[in-house]
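Written out below as structure tokens is the structure these notes cover.
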Amino acid sequence: MSIPSSNNAMPSSAQSKKRKRRRQAKAPISARLFLDEHVKGDVGIISEDLAKDLFLAQSGVSVETVQHIAISPWGPSKAIEDSTWTVVPVRSSSTLSHSTIQFSPDSPTLQAFAEGLQRVAPSKLSSSRTGIEVRALDIVPLPLETIFVTIEGESAKRLENGEGTFHGEHPQMNGQSKVKGGTRPEDKLTKAIRGRL
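Using this note's numbering, read the sequence shown as starting at 53 and increasing by one per residue.
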């Protein structure tokens with residue numbers, strides 16, 4: 053008499069659901085990041101071979117389709133958990149050379165990557181002409197429905213008292229705002245938070 057294994061005892065629909073829930077963990081792929089002034093906007097460009105390696109499951113993805121990847125400065129540690137990753141939007145291009153990622157040097161999406169690179173290897177920032185060695189992973193971005201913001205109490209009080217200025221507003225003089233119509237402290241705080249997000 054044989055006892056069925058746990059895999060055989062599970063109905064096939066339950067097995068397929070379990071497989072669909074978890075993405076297969078892949079090792080990061082090595083690439084070179086170049087900062088190119090000809091690239092405009094926040095979306096980077098990756099070479100076609102890199103796109104195929106990263107997005108194996110998504111065959112036939114259009115060149116104009118924006119995907120997301122995570123990049124990290126190359127380091128001796130191969131562990132994904134030991135690295136600081138930056139999520140960036142990219143699209144593929146057949147004109148780039150093998151294993152290449154290009155971004156605009158002014159792209160705000162690379163700010164966190166630049167800060168991480170500054171901590172890990174400050175000398176690599178100057179080698180952007182020859183390319184910065186990075187590791188790349190494909191990711192699935194999660195949509196945010198709610199954003200929670202924490203503000204220091206002292207900063208909020210200074211803002212409410214008109215000490216901080218945002219978007220060219222002038223501080224109050226003798227209790228009256230120089231801006232036409234004046235604004236309430238709550239409006240200033242709301243406007244400041246929205247401006248920073």
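Backbone N, C-alpha and C define an ideal beta-carbon position, used for all residues, glycine too.
The structure displayed is predicted, hence computed values, not measured ones.
inquiry  = Three or more C-beta pairs under 8 Å: does that hold for the segment 130 to 150 against the segment 89 to 109?
reply    = yes
request  = Compute the distance between the beta-carbons of VAL172 and GLY205, then report whether it is under 8 Å.
outcome  = Reading the sequence shown from its first residue, position 120 is the one you call residue 172. Reading the sequence shown from its first residue, position 153 is the one you call residue 205. Not in contact: VAL172 and GLY205 (Cβ atoms no closer than 8 Å).
message = Could you check whether ALA83 and SER151 sit closer than 8 Å to each other, using their CB atoms as the reference points?
response = Here residue 151 refers to the residue found at position 99 of the sequence shown. Here residue 83 refers to the residue found at position 31 of the sequence shown. The answer is yes: Cβ separation under 8 Å.
query = So, VAL91 versus PHE165, is the Cβ gap smaller than 8 Å?
reply = To locate residue 91, count along the sequence shown from 1; it is residue 39. To locate residue 165, count along the sequence shown from 1; it is residue 113. No, Cβ-Cβ distance for VAL91 and PHE165 is not below 8 Å.
message = Can you tell me whether GLY96 is buried or exposed? The criterion is at least 16 other CB atoms within 10 Å of its CB, across all chains shown.
response = To locate residue 96, count along the sequence shown from 1; it is residue 44. Buried, since its Cβ has 16 or more Cβ neighbours within 10 Å.
query = Does the distance from the C-beta atom of GLY183 to that of PRO125 stay below 8 Å?
reply = To locate residue 183, count along the sequence shown from 1; it is residue 131. To locate residue 125, count along the sequence shown from 1; it is residue 73. For GLY183 and PRO125, no; Cβs fall outside 8 Å.
task = From the DSSP output, read off the bridge partner residues of SER82.
result = Locating residue 82 in the sequence shown gives position 30, where the first residue counts as 1. The partner list for SER82 (beta bridge, DSSP) reads ARG187.
ask   = Taking C-beta to C-beta, are HIS120 and ILE191 nearer than 8 Å?
value = Residue 120 sits at position 68 when you count from the first residue of the sequence shown. Residue 191 sits at position 139 when you count from the first residue of the sequence shown. A contact, by the Cβ cut-off of 8 Å.
Beta-carbon spacing of LEU85, ILE153 below 8 Å = Position 33 of the sequence shown, counted from the first residue, corresponds to residue 85. Position 101 of the sequence shown, counted from the first residue, corresponds to residue 153. Their beta carbons are under 8 Å apart, which means LEU85 touches ILE153 by this criterion.
inquiry  = Tell me the rounded alpha-carbon separation between GLU116 and ILE98.
reply    = Translated into the one-based positions of the sequence shown, residue 116 becomes position 64. Translated into the one-based positions of the sequence shown, residue 98 becomes position 46. GLU116 and ILE98: Cα-Cα distance of roughly 12 Å.
ask   = If you count every other CB in all the chains shown that lies within 10 Å of the CB of LYS263, and 16 or more means buried, which is it?
value = Examination of residue 263 is not possible in this model, given that the chain is present from 53 through 249 alone.
task = Would you tell me roughly how many angstroms separate the C-alpha atoms of ARG187 and ALA244, rounded to the nearest one?
result = The residue labelled residue 187 in the question sits at position 135 within the sequence shown. The residue labelled residue 244 in the question sits at position 192 within the sequence shown. Between ARG187 and ALA244, the C-alpha separation is close to 36 Å.
key: Integer Cβ distance of PRO157 from GLU89, believed to fall under 8 Å   = By one-based count along the sequence shown, residue 157 stands at place 105. By one-based count along the sequence shown, residue 89 stands at place 37. Confirmed, Cβ separation roughly 6 Å.
task = With a floor of 3 residues, list each beta strand (DSSP E) that falls wholly inside the segment 137 to 182, ordered by position along the chain.
result = 138 to 145, 152 to 155
key: Short Cβ contact (8 Å threshold) for PRO193 with VAL139   = If you number the sequence shown from 1, residue 193 lands on position 141. If you number the sequence shown from 1, residue 139 lands on position 87. For PRO193 and VAL139, yes; Cβs fall inside 8 Å.
key: ALA122, enclosing beta strand (DSSP E) - first and last residue   = Against the sequence shown, residue 122 aligns to sequence position 70. Note, ALA122: beta strand (DSSP E), 119 to 125.
query = Do you know how far the Cα of VAL118 is from the Cα of LEU189?
reply = On the sequence shown, residue 189 is found 137 positions in, with the first residue counted as 1. On the sequence shown, residue 118 is found 66 positions in, with the first residue counted as 1. About 15 Å.
message = For a test of the three-state rule: what should DSSP assign to LYS240, helix, strand or coil?
response = Here residue 240 corresponds to residue number 188 of the sequence shown, with the count starting at 1. Helix.
Buried/exposed call for SER135, threshold 16 Cβ in 10 Å = For the purposes of this step, residue 135 is taken as the residue at position 83 of the sequence shown. Classification of SER135: buried, given that the 10 Å Cβ count is 16 or more.
task = Rank ASP94, GLY93, ILE132, LEU87 by C-alpha distance to the C-alpha of ILE81 and give the top, closest one.
result = Within the sequence shown, numbered from 1, the residue matching residue 81 stands at position 29. Closest option to ILE81, Cα to Cα, is ILE132.
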